[in-house]
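Q:
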Amino acid sequence: MKITVVGAGVVGLTTAAGFADLGHFVHCADIDTAKIASLSRGIVPYHEAGLESIVTRNVSAGRLSFGHDPSKALAESEMTFLAVGTPSEDSGEMALGALWSVVDRFEPWTDKGRRVVVIKSTVPIGTAERAEARLRARLPENCEVDVASIPEFMREGSAVRDFFEPTRIVIGTASPETAERLTLLHQRLPGPIMSTDRRSAELAKLAANACLAVKISFANEIAALAEQTGADYPSVAHSLGLDPRIGPHFLAAGLGFGGSCLSKDTRALVRIADEAGAPQTVVEAAVRANAMLPLRMVRKLEAALTDPSRRKVALLGLAFKPGTDDVREAPSLRLIAELKRRHPGIAISAYDPGANAAARKLVPSGVEICESAEEALKGADAAIVVTEWREFRQIKAHDFKNWMNRPIIMDGRNALDAAALNAQGVVCIGVGRLPAAPKESAATASRKLSELA
Ligand code: UDX
Numbered sequence: 003m004k005i006t007v008v009g010a011g012v013v014g015l016t017t018a019a020g021f022a023d024l025g026h027f028v029h030c031a032d033i034d035t036a037k038i039a040s041l042s043r044g045i046v047p048y049h050e051a052g053l054e055s056i057v058t059r060n061v062s063a064g065r066l067s068f069g070h071d072p073s074k075a076l077a078e079s080e081m082t083f084l085a086v087g088t089p090s091e092d093s094g095e096m097a098l099g100a101l102w103s104v105v106d107r108f109e110p111w112t113d114k115g116r117r118v119v120v121i122k123s124t125v126p127i128g129t130a131e132r133a134e135a136r137l138r139a140r141l142p143e144n145c146e147v148d149v150a151s152i153p154e155f156m157r158e159g160s161a162v163r164d165f166f167e168p169t170r171i172v173i174g175t176a177s178p179e180t181a182e183r184l185t186l187l188h189q190r191l192p193g194p195i196m197s198t199d200r201r202s203a204e205l206a207k208l209a210a211n212a213c214l215a216v217k218i219s220f221a222n223e224i225a226a227l228a229e230q231t232g233a234d235y236p237s238v239a240h241s242l243g244l245d246p247r248i249g250p251h252f253l254a255a256g257l258g259f260g261g262s263c264l265s266k267d268t269r270a271l272v273r274i275a276d277e278a279g280a281p282q283t284v285v286e287a288a289v290r291a292n293a294m295l296p297l298r299m300v301r302k303l304e305a306a307l308t309d310p311s312r313r314k315v316a317l318l319g320l321a322f323k324p325g326t327d328d329v330r331e332a333p334s335l336r337l338i339a340e341l342k343r344r345h346p347g348i349a350i351s352a353y354d355p356g357a358n359a360a361a362r363k364l365v366p367s368g369v370e371i372c373e374s375a376e377e378a379l380k381g382a383d384a385a386i387v388v389t390e391w392r393e394f395r396q397i398k399a400h401d402f403k404n405w406m407n408r409p410i411i412m413d414g415r416n417a418l419d420a421a422a423l424n425a426q427g428v429v430c431i432g433v434g435r436l437p438a439a440p441k442e443s444a445a446t447a448s449r450k451l452s453e454l455a
């Protein structure tokens with residue numbers, strides 16, 4: 003089948019390369035000419051595990067091509083997938099400008115074939131219907147087109163695996179024929195396929211991300227309660243996860259959720275729900291709870307370190323999660339803002355194994371971006387583990403002690419072996435757990451920390 007995918011971000015490019023790998027002829031279009039030039043040379047201009055090799059393989063096989071003009075997509079292919087960005091406006095509303103500008107550029111075709119446009123981008127409920135009405139109003143009557151919604155649940159960092167092993171494929175259409183064509187197209191993928199209407203498919207995506215956000219915020223609030231009451235959150239989370247009704251995923255407490263999707267989609271859902279007269283108070287609270295986490299971390303740092311304004315703090319990790327070079331809406335950025343707001347004189351060094359280049363464009367001036375963990379930790383009075391990259395687990399207690407001015411680690415992701423580090427003279431304070439021995443009272447532990455500082 004001939005397919006066009008519009009948008010060469012993680013979702014668009016992975017979808018394009020994935021369908022090409024399944025044997026289809028795919029053209030991927032993006033208005034970003036630099037990105038297209040890079041892709042045409044076989045270089046994926048961002049980090050996504052395994053993506054470059056399937057792009058290269060399919061370009062060489064002649065099944066995948068790139069361009070920057072999507073206007074002939076409907077004329078030249080049977081199916082067109084839209085995977086353009088729908089960023090958040092300040093109000094929380096999703097900006098659909100890129101989507102409409104693509105839809106409004108599609109040119110008519112002369113043969114009789116009915117075309118299918120599939121919206122992959124996360125969009126407000128009712129967008130597929132609006133897109134179809136817009137296309138039908140503009141195109142000549144002989145150009146028949148259906149717009150469907152197939153939301154994308156892939157995660158950054160494991161997008162290729164998620165394409166080939168999807169948890170589910172939700173096909174939202176208004177006609178049984180289109181549903182059947184799309185089911186056939188996805189049949190070789192192993193995930194369960196479910197057919198529904200377009201509005202339900204659109205809401206299913208927003209609801210999935212909101213549900214994950216709620217789970218994370220719940221985890222963080224229980225972790226805070228564990229800290230205050232002398233319980234050990236990782237044990238609590240383990241126990242929760244053993245209940246199949248709850249499940250073990252998305253219960254890790256830390257600095258909260260970031261990234262371009264969860265943050266944007268939860269805000270959008272809250273706004274859409276308000277407008278629809280069905281306020282999502284639970285999701286709203288999850289968003290608020292997430293925003294509080296950097297302040298919580300800074301307060302913990304203040305308990306461990308006297309006069310932070312005159313100290314140097316190293317941040318280990320800047321990406322919103324490990325395995326990506328993406329710093330959009332990353333907790334690290336909120337943490338830096340909070341550190342600087344409460345302690346204007348603080349010196350901040352930072353290192354990320356994959357996201358240094360992206361971070362340089364977003365972190366405020368004065369934050370020193372370093373080329374290694376050692377460089378960031380040199381002379382630091384405390385360090386905060388912001389992103390749980392594997393590399394940080396390899397740092398030995400004696401390295402922390404040798405490099406740092408004071409070996410105090412605030413482990414914002416419970417990534418390190420706190421017990422082992424504490425036993426070797428490094429103060430490692432996790433999230434939802436007591437600084438040293440789990441049985442010690444919170445008051446004693448924080449007194450010990452102040453003494454250390
Ligand atoms: C998310 C959804 O998982 C995916 O289905 C959707 O298509 C896009 O949005 P992604 O943004 O790639 O994917 O990141 P994800 O792996 O979901 O993590 C989101 C954030 O939550 C990260 O900042 C991560 O660190 C945080 N997180 C995740 C936690 O704080 N605790 C957890 O237990 C899990």
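Numbering-wise, the sequence shown is residues 3 to 455 according to our numbering. Beta carbons are placed, not taken as given, at the ideal position from N, Cα and C, and that holds for glycine.
I need the DSSP call for R273, collapsed to helix, strand or coil.
A: By 1-based counting over the sequence shown, the position of residue 273 is 271. If DSSP states are grouped into helix, strand and coil, R273 belongs with the helices.
Q: Does DSSP put S237 in a helix, in a strand, or in coil?
A: One-based indexing of the sequence shown puts residue 237 at position 235. Here S237 sits in helix by DSSP.
Q: Measuring only the C-alpha atoms, how far is A332 from A206?
A: As a working mapping, residue 332 is identified with position 330 in the sequence shown. As a working mapping, residue 206 is identified with position 204 in the sequence shown. Straight-line Cα distance between these residues: approximately 24 Å.
Q: Roughly how many angstroms lie between the CA atoms of G434 and P296, to the nearest whole one?
A: Locating residue 434 in the sequence shown gives position 432, where the first residue counts as 1. Locating residue 296 in the sequence shown gives position 294, where the first residue counts as 1. Roughly 14 Å between the two C-alpha positions.
Q: Report, in whole angstroms, the separation of the C-beta atoms of E204 and G174, which I expect to be a contact under 8 Å.
A: The residue given as residue 204 occupies position 202 in the sequence shown. The residue given as residue 174 occupies position 172 in the sequence shown. With a Cβ gap of about 7 Å, E204 and G174 count as contacting.
Q: List the residues that DSSP assigns as beta-bridge partners of L303.
A: Here residue 303 is taken as the residue at index 301 of the sequence shown, counted from 1. BP columns for L303 are empty, so no partner.
Q: Closest to A378 by CA distance: which of K363, P355 and S367 is it?
A: As a position in the sequence shown, residue 378 is number 376, starting the count at 1. Taking only the C-alpha atoms, the option nearest A378 is P355.
Q: So what's C372 in DSSP terms, helix, strand or just coil?
A: Taking the sequence shown and counting its residues from 1, one reaches residue 372 at position 370. Correct three-state label for C372: coil.
Q: For A255 and A225, which I take to be in contact (beta-carbon distance under 8 Å), what is that distance rounded to the nearest angstrom?
A: The count along the sequence shown starts at 1 and reaches residue 255 at position 253. The count along the sequence shown starts at 1 and reaches residue 225 at position 223. Yes, they are in contact, since the Cβ atoms of A255 and A225 sit about 3 Å apart, within 8 Å.
Q: Is it the case that the segment 49-66 contacts the segment 17-36, given that we only count it when at least three CB pairs across the two stretches are under 8 Å?
A: yes
Q: Quick one: does the C-beta of C263 sit closer than 7 Å to a heavy atom of the ligand UDX?
A: Stepping through the sequence shown from its first residue, residue 263 is reached at position 261. For the ligand UDX, at least one heavy atom lies less than 7 Å from the Cβ of C263.
Q: Consult DSSP for G174 and reduce its assignment to one of helix, strand or coil.
A: For the purposes of this step, residue 174 is taken as the residue at position 172 of the sequence shown. In the structure shown, the three-state DSSP call for G174 is strand.
Q: For V12, name the three-state secondary structure that DSSP assigns.
A: Position 10 of the sequence shown, counted from the first residue, corresponds to residue 12. It is helical.
Q: Given this structure, state the Cα-to-Cα distance separating K262 from K74, to the nearest angstrom.
A: To locate residue 262, count along the sequence shown from 1; it is residue 260. To locate residue 74, count along the sequence shown from 1; it is residue 72. Correcting the residue identity first, residue 262 is Ser in this sequence and not Lys. Approximately 29 Å between the Cα atoms of the pair.
Q: Based on the DSSP secondary-structure assignment, which residues constitute the bridge partners of A316?
A: Mapped onto the sequence shown, residue 316 falls at position 314. In the DSSP output, where bridge partners are listed per residue, A316 has S351 and A385.
Q: With DSSP collapsed to three states, give me the class of R116.
A: Residue 116 sits at position 114 when you count from the first residue of the sequence shown. Coil at R116, not helix or strand.
Q: Would DSSP call E182 helix, strand or coil?
A: Numbered from its first residue, the sequence shown carries residue 182 at position 180. DSSP places E182 in helix when its eight states are reduced to three.
Q: Which term fits N407, buried or exposed, when burial requires 16 or more other beta carbons within 10 angstroms of its beta carbon?
A: Position 405 of the sequence shown, counted from the start, is the residue given in the question as residue 407. Exposed.
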